[in-house]
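Protein chains in written order, with the working numbering: chain C, 139 to 430; chain E, -9 to 352. All remarks here apply to the structure that follows.
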Amino acid sequence: MSLLNNLIIGVSLGSIYAIIALGYTMVYGIAKMLNFAHGDVIMVGAFVSFFAAGSFGLPPVVGLLLAMAVCTLLGITIERLAYKPLRQAPSLAVLITAIGVSYLLQNGAQILWGAATKTFTPILEGQLSLAGGQITVTYVAILAVVCCLVVMVCLTLFTGKTKLGKAMRACSEDKGAAQLMGINVDSTISMTFAIGSALAALAGVLMCSAYPVLSPTTGALSGIRAFTAAVFGGIGSIPGAFLGGILLGIIETFAKAYISTSLSDAVVFGVLIVVLLVKPAGLLGKYVPEKV
Amino acid sequence: MKKLGTQKRTSLNGLINYAIVIGAYVLLRVLMGAGLLSNSLQSVLVPACCYMVMAVSLNLVVGISGELSLGHAGFMSLGAFSGIVAAVALQNLVPFAPLRLAAAMVIGALFGALGGFVVGVPVLRLRGDYLAIVTLAFGQIIQNIIMVLYVGVDAKGIHVTTDSARLVLAEGGTAIVKGPMGAVGAPKLATFTAGAALLLVTLFVAQNLVNSRSGRAILALRDNRIAAESVGIPAGKYKLMAFVTSAALAGAAGALFGLNYSSTVASKFNFNTSILVLVFVVLGGLGNIRGSMVAAALLYVLPELLRGFNIAEYRMLVYAVILILVMLFTNNPTLQGFFGGVRERLFQKAPEGTVKGGGANE
């Protein structure tokens, strides 16, 4: 039964990773950049929701929506100010800029809200007992899985059916050709950042509800883990991010439960390395050979 | 991309680098002797040397070999902990402190090289961003493993275990690395002289590697891998050479760094440290060894000096903003044109002047 319990914890943690990884993967797919500031957008989202509920007494759903709105704006602003001027720059310059933005968000949050760890009030309390109390599932865990599935389905439909979604895919394949076809590349990229950041806010609130501690560095490590998940599944691929996130969550939980709590990171990253050596483009990624 | 100058020009460039290091060393020694250097400034000299070595060595991978590595601090960590263990273990065997420090740095370099080899062989098959994420993962793994290691030394030799209860030492033995607490009670052997010497050795290794036949092969692979391979340059061998050399130098820097403090924790060498060094390399100029050195010295020492003021709270915020602005101004064509014009009229200097210009009096 503990196996099943761990599996449930793993899947719900994985769902949160998957939501973050979706943001990473979409931005990577279209802008071909590693957005290291993504993890800190998660933190900002969680803080907005924390203050909405704590200081203004707003209902959790309103807090969540507010967090998503703020992060969407934040994402668009970051893209406009920091990344857009570097569209033609070498990727390393963009990477360093993203790191700068990440530092800026972390230290800005530290000055605004203090470095001390805060206790986050979960947006949903309570848990479900199954099989005579042997299996317990928190409502937050269920919510995380449901959110992840909904997001996944919506994104798949969005990129597959809508005009904007198709524009996104076109941009990620060939920006020049997309522009010639009359697609506004800049606004498409902004849109991608907006969606990614809104998802980050959602993930931030879910994560802080499941693990109720919040500090300016909260997002950093989960950002790296989610990024790992995105690479694991094949960066740039939406189903890949989903699969990578869920698998990463399960591996991490199992490593914590059955190997060693302190070695769980080593196990997660070890699995990542092995997967990349066997499948260099991730589980569902496409390997594109270089043409001469 | 930086063009390769003539043989004469490159060797002159190398000599200037040595001269800068020796000049700065002599100048700082004189200042120290005259009592003009504050304690806080004196205490950052050794770590500054370590970070300069780190930056030059990372430049070998990122700038010269063209592969993005986000786990350079992992090699530093390997070097630091193996160096500390070596320094304690050799306590009785080599009583002369500078020699023991040198031995510790050599052992740190060996462990760094070993780590570089183990990571490099499989990982250098990957390209671009995947290589970056694997090096990042590697850095995390090293950090994680050292956090659960317990190492002790006694008359019988060195004991390594992952369980604190199983670390049973004979009488007179000392526990050196204690899991999450890191290395405690390490001898503080590091000196500024050793730091300057290590920096000179690093420059010697890096510059001779770049200007050798192998170095030209590495540069060719960076500029066009397919073309280089088609004329018979084995990509794996030369990429690995740059990677292992860089890891070895990072290991030596780590050993020096570890022996500068009485206690060292594994989390000191985390992802942020790798990023810090990468920032030095990028701001100093990819492939530019002197640039890495000067950027590391300035960017490490300046924030440390700002610690004392009441703007300490905003220190990292300012750092982040400057980082973003420098990237924007040096990489955006419109801004570059605009500010280039303004600067020409004001200072008649190149855009990188903000970072490099101050280096003359270092």
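Just so you know, even glycine gets a beta-carbon here, dropped at the ideal spot from N, CA and C. Values in this document were obtained by computation on a predicted structure and should not be read as measured data.
Item                                                                                                                                 : Value
Cut-off 6 Å between Cβ atoms - residues of its own chain near Ile147 (chain C), not counting five sequence neighbours on either side : Thr391
C-alpha gap between Val416 (chain C) and Val409 (chain C), whole angstroms                                                           : 11 Å
Secondary structure of Ser150 (chain C), DSSP reduced to three states                                                                : helix
Beta-carbon proximity list for Asn7 (chain E), same chain, < 8 Å, skipping 5 on both sides                                           : Leu193, Gln197, Ile279, Arg280, Met283
Assigned exposure category for Glu57 (chain E) - 16 Cβ within 10 Å defines buried                                                    : buried
8 Å Cβ cutoff, Ile376 (chain C) in contact with chain E                                                                              : no
Straight-line Cα distance separating Ala332 (chain C) from Gly213 (chain C)                                                          : 6 Å
8 Å Cβ cutoff, Asp213 (chain E) in contact with chain C                                                                              : no
Residue environment, Leu126 (chain E), which counts as buried when at least 16 other CB atoms sit within 10 Å                        : buried
Of the listed residues C:Ala379, C:Ile321, C:Gly420, C:Ser150, nearest to Tyr277 (chain C) (C-alpha basis)                           : C:Ser150
Any chain E beta carbon closer than 8 Å to Asn173 (chain C)                                                                          : no
Selected residue, minimal CA-CA separation from Gly152 (chain C), among C:Ala191, C:Gly382, C:Ile249, C:Gly423                       : C:Gly382
Cα-Cα separation, Arg215 (chain E) to Ala9 (chain E)                                                                                 : 35 Å
Segments of 3+ residues assigned as beta strand (DSSP E) that fall wholly inside the region 312 to 390 of chain C                    : none
For Gly357 (chain C) and Thr181 (chain E), the rounded distance between their alpha carbons                                          : 38 Å
Coarse secondary structure for Gln226 (chain C), derived from DSSP in three states                                                   : coil
Neighbour list for Phe261 (chain E) in chain C, Cβ cutoff strictly below 9 Å                                                         : Ala358, Leu359, Ile362
With 16 other Cβ atoms within 10 Å as the buried cut-off, status of Gln226 (chain C)                                                 : exposed
For Gln265 (chain C), the first and last residue of its enclosing beta strand (DSSP E)                                               : 265 to 268
Closer than 8 Å to chain C by CB, Arg115 (chain E)                                                                                   : yes
Interface flag, Gln326 (chain E) vs chain C, CB-CB below 8 Å                                                                         : no
Through-space distance from Asn173 (chain C) to Ser335 (chain C), alpha-carbon basis                                                 : 11 Å
When E:Gln32, E:Ser30, E:Cys40 are compared against Gly241 (chain E), the one with the closest alpha-carbon                          : E:Cys40
Within chain C, partners of Pro323 (chain E) - CB distance below 8 Å                                                                 : Gln226
For Ala232 (chain E), the three-state DSSP class (helix, strand or coil)                                                             : helix
Between the CA atoms of Phe188 (chain C) and Cys195 (chain C) - distance to the nearest angstrom                                     : Checking the sequence shown, residue 195 (chain C) turns out to be Gly, not Cys. Each residue's alpha carbon lies about 10 Å from the other.
C-beta contact flag for Ile178 (chain C) and Gln130 (chain E) at 8 Å                                                                 : Strictly speaking, residue 178 (chain C) in this sequence is Asp, with Ile absent from that position. Not closer than 8 Å, so no.
Under 7 Å from the C-beta of Asp324 (chain C): neighbouring residues of chain E                                                      : Those within 7 Å of Asp324 (chain C) in chain E number zero; the least Cβ separation is about 15 Å.
Candidates C:Pro198, C:Met164, C:Ile373, C:His176: closest to Val343 (chain C) by CA position                                        : C:Pro198
Bridge partners - Gly147 (chain E), DSSP secondary structure assignment                                                              : E:Asp144
According to DSSP, residues forming a beta bridge with Val186 (chain C)                                                              : Partner(s): none; Val186 (chain C) has no beta bridge.
Of the listed residues C:Val406, C:Cys309, C:Leu281, C:Thr215, nearest to Arg363 (chain C) (C-alpha basis)                           : C:Val406
Completely contained beta strand (DSSP E) runs for the region 69 to 112 of chain E, where each covers 3 or more residues             : none
Contact test: Asn278 (chain E) Cβ vs the ligand HEM heavy atom, cutoff 7 Å                                                           : For the ligand HEM, the structure offers nothing, since it holds no ligand at all.
Close Cβ partners of Cys309 (chain C) (< 6 Å) along its chain, the five nearest in sequence each way excluded                        : Ile168, Ala316, Val323, Thr326
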